[in-house]
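> Quick one: this structure, given as structure tokens, is what I'll be asking you about.
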Amino acid sequence: MYWVSVFTEAAIFAILALGLDVVWGWGGDFDLAFYGYLAIGSYMTFVLSIGKPTPPVEYIIGWHLPVLIAILIAVVVVVGVAAVVGAIALRNLRGIYFAVTTLGAVSALYLLVENYTPLFDGYNGVYGLINPGQTALNLTYNGYRIVFMVLVFVLLFGCYLLVQRLSRSPFGRMVRSVREDERAAAAYGRQIFFTKYRAYLFGAALAGLTGGLFAIFISAFNPSAWTPAELLLIYAAILAGGRGNPRGVILGVFVVYIGFIELTRYLPSPASRPDFGPALRQVLIGLMIILVLRFRPEGIFRERPGLDTGLAPAGRPRQARVQVLTTREGQAADDGGPG
Amino acid sequence: MTTFLVTIGVGLATAAILALSAVAFTLEYAVSRIANFAHGEFLTIGAYVAYSTQGIFHQNVAAAAAIAAAAGLVAGLVLNTLVIEQFSGRSAITVLIATLGVALVAENVLDMIYGAANVSYSFAQGSLHHVGPFLWTTSDIEVIVSALVVAGLIYLLLQRTRFGKAIRAVSQDRALARVSGIPARRIIMGTWALAGAVAGFAGFALAATIGTFGPFLGFNFLLLTITATVAGGLGRPYATLGGAVIVGLAIQIAGNYTSSAYELVFAFLLLVLLMLFRPNGVFVRRSSVTVRA
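Protein chains in written order, with this note's numbering: chain A, 1 to 339; chain B, 340 to 632.
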């Protein structure tokens, strides 16, 4: 059963990574608010499906909807929040300004959730979504977990097909063309903001779905369940697998997640210092991000943007912007390709 | 009115530390054109090294502050050599992600050395003093005075010395500075050492003011630092000082009228609003140009 849970979690994160890759890999926008979307999706799934709170626990809504409908509504809510953040952050801000703005937005949101208990019960968080539908399906606990894993893998495959199709569609190429050179894309009649905005909302929708699945998977959620460090792990997985390449992204999540998390589980932790092993794991993740970025920014699989790539070459032109004329303009424009 | 002025006083003490951290951040940006997300670790490293060595100098505050600055200086040099220079020519966002990786490494190495539990200095906070309308502890006064001194020294350095002139030249146009015979690489290195030292000192001041701190001291302060920097305008050292005062006062006043738990919520909403309406800082007229870096 241990491996069932490991694979389920990895598959859930793979869906999240696919969504994040649309925003970051194709769109080129380094979004630090993304983990907030998973959190909102998770919270909303809970409050829509676990019924009225019993004091002193408090949270909003408290409906008793079937979990699948709850997830659907949660996705809609997440897209709504992303629509606000995206409208602010994507309009004029790029590069580090975009990253800082999204980090500010998500930090404000998180602090609000932590401190304002009527929303989602503050630090304690919400819980109580234990194997929804288990009795209706007439399954044992373990049987349910296996069925859930299969369901998650089916969803992952569906998302993969969707993203892969989208990746090669005119829309996918448009998002990438905007990333490579906004001015050129605008000159060819692309609407810069709207293109990025749509990609952003699509990514957020996948994050909301992931949040719902995550809610069923861990059956409790509080602010410490999901932090920027977790998001960095997803970024690391995308980087390692191959930014902008859906297959690479999924492979990256499985390799990084199972490789790092499961193998480093056996790292020695002195009995007096239980946090030693997890800290060492974070160090390794950080080092991996730096080294991959430095030495193989395109990851295991290169980005392959589709069929008629007369415009943008696949992969990052290595050290393209030559140092000869590194004007501020030149440096600034180079926030494009993978890396 | 009195409580309001006390609030302002507390805000000024916060602003002093924020100003130090933000000036360092903005100097890093000015010469390297990158947002250093490992900047918070300079503060944390300064605070922890001062913690480790506080016994050697018999709890001498000045010595501890100097050691924290020295530790930050070393950290600045190491980061610039091992990471920032390795990524030269790459996009600013790539370097941002790399420094985020550095922050993750540094935090957890500190966690492995010192443990995740909070530690605290054995310095006395000092008694409360009425200074004009404000109510400050001795350490508050020390922090504010030293921040003013450091800001004055940075001003003199940038305006009156060859090194400062070179920093300004490199930050305006690195290529042009280089063809004018300025050793850009050495100047950038020196700037990182300076920024690291200022940040290390700020970390010590922050930790001493809060009382207890852990491995995430600096990273938690990073976003506030960035808010102050953006309020002033990225890469503009003097405006950044003004930005820090504005942000320090704003969060203190907002927190005073609601609850201190929401102080940071206001700070980060302020950051988002700044990005929306004044991405180049409150001291310049709104520009219609897309902001990218």
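Backbone N, C-alpha and C fix where the C-beta goes; we use that ideal spot for every residue, glycine too. These numbers come from a predicted model, not from an experiment.
Measure the Cβ-Cβ separation of B/Ala352 and B/Val482 and say whether it is below 8 Å.
If you number the second sequence from 1, residue 352 of chain B lands on position 13. If you number the second sequence from 1, residue 482 of chain B lands on position 143. Yes, they are a contact pair.
> Are there 16 or more other CB atoms within 10 angstroms of the CB of A/Thr210, so buried, or fewer, so exposed?
Against the first sequence, residue 210 of chain A aligns to sequence position 210. The residue is buried, with at least 16 neighbouring Cβ atoms inside 10 Å.
> Could you list which residues in chain A have their beta carbon closer than 9 Å to that of B/Asn457, in chain order?
Taking the first residue of the second sequence as position 1, residue 457 of chain B is located at position 118. Here the premise fails: no neighbours, minimum Cβ distance about 13 Å.
> Using a Cβ-Cβ cutoff of less than 6 Å, which residues in the same chain neighbour A/Ala89 once the five nearest sequence positions on both sides are dropped?
Position 89 of the first sequence, counted from the start, is the residue given in the question as residue 89 of chain A. Answer for A/Ala89: Phe98, Thr101 and Thr102, listed in chain order.
> With a threshold of 8 Å, are at least 3 pairs of Cβ atoms found where one atom belongs to the region 289 to 306 of chain A and the other to the region 239 to 252 of chain A?
Output reads yes: the region 239 to 252 of chain A touches the region 289 to 306 of chain A.
> Find the nearest neighbour of A/Pro132 within the set A/Ala220, A/Gly122, A/Asn124 and A/Phe120, judged by alpha-carbon distance.
Here residue 132 of chain A refers to the residue found at position 132 of the first sequence. Considering only alpha carbons, the answer is A/Ala220.
> Jot down the residue ranges of each uninterrupted beta strand (DSSP E) in the region 457 to 493 of chain B, minimum 3 residues, whole runs only, in chain order.
467 to 470 and 473 to 476
> Does the CB of B/Asn595 have a neighbour CB from chain A at under 8 Å?
Looking up residue 595 of chain B in the second sequence gives position 256. Not one chain A Cβ lies under 8 Å of B/Asn595.
> Can you list the alpha helix (DSSP H) stretches of 4 or more residues lying completely in the region 32 to 81 of chain A, in chain order?
34 to 49
> With burial defined as no fewer than 16 other Cβ atoms inside 10 Å of the residue's Cβ, what is the status of A/Glu303: buried or exposed?
By one-based count along the first sequence, residue 303 of chain A stands at place 303. Buried, by the Cβ-count rule.
> Hey, is the region 201 to 215 of chain A in contact with the region 106 to 120 of chain A, meaning 3+ C-beta pairs nearer than 8 Å?
no
> Determine the chain A residues that contact B/Tyr601 at a beta-carbon separation under 9 Å, and present them in chain order.
In the second sequence, residue 601 of chain B corresponds to position 262, counting from 1. In chain order: Leu111, Leu112, Asn115 and Tyr116.
> Check B/Thr551 in the structure and name its three-state DSSP category.
In the second sequence, the residue the question calls residue 551 of chain B occupies position 212. It is a strand residue.
> Looking at A/Thr195 and A/Val175, is the spacing between their C-beta atoms short of 8 Å?
Translated into positions along the first sequence, residue 175 of chain A becomes position 175. Translated into positions along the first sequence, residue 195 of chain A becomes position 195. A contact, by the Cβ cut-off of 8 Å.
> Of all the alpha helix (DSSP H) runs that stay within the bounds of the region 393 to 417 of chain B, which reach a length of 4 or more residues?
none
> By the three-class DSSP mapping on this structure, what secondary structure does B/Val586 have?
The residue you call residue 586 of chain B lines up with position 247 of the second sequence. Helix at B/Val586.
> Have a look at the DSSP bridge pairing and note the partners of A/Phe221.
Taking the first sequence and counting its residues from 1, one reaches residue 221 of chain A at position 221. Its beta-bridge partners are A/Val126.
> Suppose contacts are defined by Cβ-Cβ distances below 8 Å. Is B/Gly394 in contact with B/Ala532 by that definition?
By one-based count along the second sequence, residue 394 of chain B stands at place 55. By one-based count along the second sequence, residue 532 of chain B stands at place 193. At least 8 Å separates the beta-carbon of B/Gly394 from that of B/Ala532.
> Checking contacts by CB at 8 Å: is A/Arg294 closer than that to chain B?
Translated into the one-based positions of the first sequence, residue 294 of chain A becomes position 294. Yes - at least one Cβ of chain B is within 8 Å of the one on A/Arg294.
> Could I get the ranges of all uninterrupted alpha helix (DSSP H) runs contained in the region 234 to 305 of chain A, with 4 residues as the minimum, in chain order?
If we require 4 residues or more, the alpha helix (DSSP H) runs fully inside the region 234 to 305 of chain A come out as 246 to 256 and 276 to 295.
> Could you check whether B/Thr551 and B/Ser459 sit closer than 8 Å to each other, using their CB atoms as the reference points?
Here residue 459 of chain B corresponds to residue number 120 of the second sequence, with the count starting at 1. Here residue 551 of chain B corresponds to residue number 212 of the second sequence, with the count starting at 1. For B/Ser459 and B/Thr551, yes; Cβs fall inside 8 Å.
> Have a look at A/Glu182 and A/Pro55 and give me their C-alpha separation to the nearest angstrom.
In the first sequence, the residue the question calls residue 182 of chain A occupies position 182. In the first sequence, the residue the question calls residue 55 of chain A occupies position 55. A/Glu182 and A/Pro55 have their C-alpha atoms some 53 Å from each other.
> B/Ala544: which of B/Phe396, B/Gly411, B/Val370 and B/Glu367 sits nearest, CA to CA?
Here residue 544 of chain B refers to the residue found at position 205 when the second sequence is read from its first residue. Among B/Phe396, B/Gly411, B/Val370 and B/Glu367, the Cα nearest to that of B/Ala544 is on B/Gly411.
> If you draw a straight line from the C-alpha of B/Val400 to the C-alpha of B/Val388, how long is it?
On the second sequence, residue 400 of chain B is found 61 positions in, with the first residue counted as 1. On the second sequence, residue 388 of chain B is found 49 positions in, with the first residue counted as 1. Approximately 13 Å between the Cα atoms of the pair.
> Using the C-alpha atoms, what's the distance from B/Phe540 back to B/Phe462?
Here the question's residue 462 of chain B lines up with position 123 in the second sequence. Here the question's residue 540 of chain B lines up with position 201 in the second sequence. Answer to the nearest angstrom: the Cα atoms are 16 Å apart.
> What did DSSP end up calling A/Pro228 once you bin it into helix, strand or coil?
Stepping through the first sequence from its first residue, residue 228 of chain A is reached at position 228. Of the three classes helix, strand and coil, the one that applies to A/Pro228 here is helix, per DSSP.
> Indicate whether B/Leu474 and B/Val345 have their beta-carbon atoms separated by less than 8 Å.
Residue numbering aside, residue 474 of chain B sits at position 135 when the second sequence is read from its first letter. Residue numbering aside, residue 345 of chain B sits at position 6 when the second sequence is read from its first letter. Cβ atoms of B/Leu474 and B/Val345: closer than 8 Å.
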